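Visitor: In full-length UniProt numbering, the protein residues as written are 1 to 213.
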Amino acid sequence: MTLHTILTPEWIHEAKLIAAENPRLEGFVPSEGGLHPRILLLGEAPGDKEVKIGRPFMGPSGKELDRWLASLGLTREDIYITGVVNSRPFSIGKTGRKSDRRPNQKEVKRSAAMFDWELSHFPDVLLVPMGNASLQRLLGTKAKIGDLHGQLLERPIQKYNQQTDSFELSKEKHQIFPLYHPSYSKRFKNMKPVVDADSQKLKQLLEQQSNRH
1 MTLHTILTPE WIHEAKLIAA ENPRLEGFVP SEGGLHPRIL LLGEAPGDKE VKIGRPFMGP
61 SGKELDRWLA SLGLTREDIY ITGVVNSRPF SIGKTGRKSD RRPNQKEVKR SAAMFDWELS
121 HFPDVLLVPM GNASLQRLLG TKAKIGDLHG QLLERPIQKY NQQTDSFELS KEKHQIFPLY
181 HPSYSKRFKN MKPVVDADSQ KLKQLLEQQS NRH
């Protein structure tokens, strides 16, 4: 299986700087996938396992992802994976142990230029945000995965404006198909039928797209 990252050495250097300047971020995990993906999978941020290995979706959620892709008839070469933040955001508990946390708005903005640059490389590819962090990066904080999962949306997406330090909606619309995160149905077994139904909808959508080409 041949997987690539589209990130240039300059972007990789920048991403490592972002992690180095923030004491609550660690490691760097480049985005990866096939260069002609069917879907663009958008995650939140890498976890402990991903940072150790240096590749996205390597832990338990990675096994879940691979199983899910197989059910869609896809491999990792058919998709491209990136995240809202490419380093692991962590907090330190009373025992001194690190635990994963969601990236905060400042961290999301700091990585926004790279995220926008990556998305601009795949202008016509279906965006599949997994969970609230990536959905809200695209559509704003009012968007909720519980309301929008399993639906094909066609909307402008947020892009970061460095001058104003704020997000603005793009002029062009993108196709977006929000999903619960692969680890979600593992944590909440009662959600499995919902997650499976969403997968079936996505599979039908991809089949329709294949038939059109």
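Quick reminder that beta carbons are idealized off the backbone N, C-alpha and C, glycines included. This one's a predicted model, so the numbers in the text were calculated from it and none came from an experiment.
#1: Say whether the segment 80 to 89 touches the segment 155 to 169, bearing in mind that this needs 3 or more beta-carbon pairs closer than 8 Å, one atom from each stretch.
#2: At the level of alpha carbons, what is the spacing between Met-58 and Glu-50?
#3: Quick check: Ile-39 and Leu-179, are their CB atoms within less than 8 Å of each other?
#4: State the Cα-Cα distance for the pair Ala-197 and Lys-106, rounded to the nearest angstrom.
#5: Helix or strand or just coil, what does DSSP make of Arg-38?
#6: Would you please state the rounded distance, in angstroms, between the beta carbons of Ala-113 and Gln-151? I believe it to be under 8 Å.
#7: Kindly indicate which three-state DSSP category Glu-44 falls into: helix, strand or coil?
#8: Roughly how many whole angstroms lie between the Cα atoms of residue 242 and Glu-32?
#9: Going by C-alpha distance, which of Ile-6, Gln-136, Gly-146 and Arg-76 is nearest Pro-103?
#10: Under DSSP, the beta strand (DSSP E) around Ile-79 begins and ends at which residues?
#11: When you measure from the CB of Leu-202 to every non-hydrogen atom of the ligand SAH, does any distance come out below 7 Å?
Guide: A quick look at the data gives this:
#1: no
#2: In a straight line, the C-alpha of Met-58 is about 5 Å away from that of Glu-50.
#3: No. Outside cutoff.
#4: If I take the Cα positions, the gap works out to 35 Å.
#5: coil
#6: The Cβ separation is near 29 Å, so there is no contact.
#7: coil
#8: Outside the modelled stretch of the chain, which goes from 1 to 213, sits residue 242, for which no answer is possible.
#9: Gln-136
#10: 79 to 83
#11: Ligands are entirely absent from the displayed structure, and the ligand SAH is therefore not among its contents.
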